[in-house]
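Quick note on the working numbering: the sequence shown kicks off at 4 and runs consecutively.
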Amino acid sequence: MEPGPGPEKAHAPESAPADEPRPVEPAPLTEPARRDAALDGIRALAALGVWVLHVAGNTGVMYRDGMFAWMTTRLGIAVPIFFLLSGLLLYRPWAKAVLLDTPAPRPGRYLWRRVLRVMPAYWVVTVLALAMWSWSALDWADWLTWLLLLQNYFEQGRAPEGLYQMWTMPIEMAFYVALPALAWLLHRWTRRGGPAANRPLRLLAGIAVLPVVSVLSVVVTHVLEQPQLALWLPHHLIYFAAGMAMAVVSVWIRESRAVDALAPQLLVLALLLYVVLSTELAGPRTLTLPSMGQSLWRMALETAVAVLVVAPFALASRRDSLRHRVLGNPVTAYLGRISYSFFLWHAPVITLYYKATGTEAFSGDFVKVAILTFAGTMLVSVASYHLVEENALRLTGRSSAPAPPPEAPASRPAAPVP
């Protein structure tokens with residue numbers, strides 16, 4: 004999981020005559036990125052969900068009976084939401100290049116920004132956790148494996164203490180590396196499809212291949228009995244693909260009145276599907292491996308919940324709506340900005356609490372552990388964000404400033420495709 008910098012606000016082009024459509028002018032490469040406060044709020048909730056999941060796991064709460072225990076088990080839904088947001092925000096400039104004839108991002112610069120965005124804070128947390136609790140158990144090859152985000156590609160037992168959340172990071176980085184090639188292939192496929200009016204649907208059809216790869220990965224993982232494959236990018240492409248498809252739709256139709264009108268119902272449906280996800284239909288609550296059918300159901304339900312949660316904000320960005328005021332308020336928006344540091348640090352803080360207090364694993368008071376680890380994680384996350392992340396972001400030319408107010412509807416073109 005890596006939240007990444009916020010999305011760039013789509014700047015509306017000047018109105019063009021009906022007989023002479025013009026593509027949207029891209030923002031200069033040096034222009035700072037703008038953040039969407041509501042999507043930052045979603046990041047904040049997702050990061051908090053991962054933290055609650057691990058508090059529930061360490062205290063043993065998730066293995067008890069009752070609805071609360073079951074629903075904490077599935078808070079791992081935060082990871083698909085993070086993956087979807089990465090697909091949405093990172094692929095959108097390439098979607099604009101295909102649909103609006105704007106220049107595509109330069110792969111070298113894009114990858115450099117990704118490295119600076121992700122690795123400095125990751126290295127700080129990983130080095131400290133390994134040095135504190137795993138120094139004598141690891142050799143130089145193990146250190147390189149963790150520092151280079153290669154841990155998912157080697158057979159290993161339990162993750163080092165304080166780093167059990169880091170399995171998501173190699174998947175994120177693999178997507179970052181693969182995205183320029185995927186975008187190039189999709190661009191070639193789409194441009195061979197005839198008139199410009201066909202590009203959005205053709206681009207969506209190309210993206211639809213990626214979820215098939217994830218389904219095949221589930222089948223291969225179970226047929227070959229190789230659970231390690233579930234930690235590789237192909238297994239999770241469906242979530243990134245959902246975000247990429249949402250990026251295409253956001254460029255194609257800008258904002259959807261239908262999605263805006265149905266936003267409350269979509270969010271309620273997401274909650275109902277999350278309840279279904281919390282049942283045995285999506286697999287056991289323990290570390291027992293699910294069956295192939297349970298894995299497929301879980302993948303489908305997680306994708307649906309992630310889409311239903313993000314779509315009302317990505318495709319219907321009315322900043323005056325109640326949902327935007329709730330998720331986009333200054334507190335949640337700030338929590339979203341520091342959510343990457345919060346994600347990185349919460350597991351080491353939980354581990355430190357158990358080490359310092361001598362509390363045995365799978366025990367402890369849930370409320371007490373939650374309050375103390377939240378306070379500790381917040382303190383170190385704020386410091387990490389401002390001392391490490393912000394300085395790295397300055398090297399990329401990015402900014403963490405909030406998005407400006409939306410432009411007047413009259414300045415928006417009737418159709419984004421020239």
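Heads up, the beta-carbon is just placed ideally off N, CA and C, and yes, glycines get one too.
**Message:** L398 and Y125 - do their beta-carbons sit closer together than 8 Å?
**Reply:** no
**Prompt:** R77 by DSSP, collapsed to three states: which one?
**Reply:** helix
**Asked** Taking the C-alpha atoms as reference points, what is the distance between W192 and I241?
**Response** 19 Å
**Message:** Whether or not the segment 332–345 and the segment 39–52 are in contact is what I'm after, with contact meaning three or more pairs of Cβ atoms, one per stretch, closer than 8 Å; do they touch?
**Reply:** Contact holds between the segment 39–52 and the segment 332–345, because three or more Cβ pairs, one in each stretch, are under 8 Å apart.
**Asked** Mind pulling the beta strand (DSSP E) runs of 3 or more residues that sit fully within the segment 46–107?
**Response** No beta strand (DSSP E) of 3 residues or more sits fully in the segment 46–107.
**Request:** Might you give, ordered along the chain, the residues of its own chain that have their beta carbon closer than 7 Å to the beta carbon of E283, omitting 5 neighbours on each side?
**Result:** In its own chain, leaving out the 5 sequence neighbours on each side, no residue places its CB closer than 7 Å to the CB of E283.
**Asked** How do the segment 198–216 and the segment 129–141 stand: do at least 3 beta-carbon pairs fall below 8 Å, yes or no?
**Response** no
**Request:** For my contact list, L102 and V254 are in at a C-beta cut-off of 8 Å; report their separation, rounded to the angstrom.
**Result:** 5 Å
**Asked** Along the chain, where does the alpha helix (DSSP H) that runs through F243 open and close?
**Response** 236–256
**Item:** Beta carbon of A47 nearer than 8 Å to that of T380
**Value:** no
**Item:** Cβ pair A184, I210 closer than 8 Å
**Value:** no
**Item:** Rounded straight-line distance, which links the Cα of L390 to that of P163
**Value:** 25 Å
**Asked** Going by DSSP, which residues form a beta bridge with R191?
**Response** In the DSSP assignment, R191 is bridged to no other residue.
**Request:** Return helix, strand or coil for R120, following the three-state DSSP convention.
**Result:** R120: helix per DSSP, three-state reduction.
**Prompt:** Buried or exposed: where does S294 fall if 16 or more other Cβ atoms within 10 Å of its Cβ makes it buried?
**Reply:** By the 10 Å Cβ count, S294 comes out exposed.
**Item:** Cβ-Cβ distance between H57 and A350 below 8 Å
**Value:** yes
**Asked** Once you ignore the five residues that flank L78 on each side, which residues in its own chain have a CB closer than 6 Å to its CB?
**Response** Contacts found: G52, V55, L56.
**Top-ranked residue by Cα proximity to P96, from L276, L182, T62, L396** = L182
**Item:** Coil, strand or helix - R38 by DSSP
**Value:** strand
**Message:** Quick check on this structure: which residue in F377, A285, V312 has the alpha carbon closest to the alpha carbon of Q268?
**Reply:** V312
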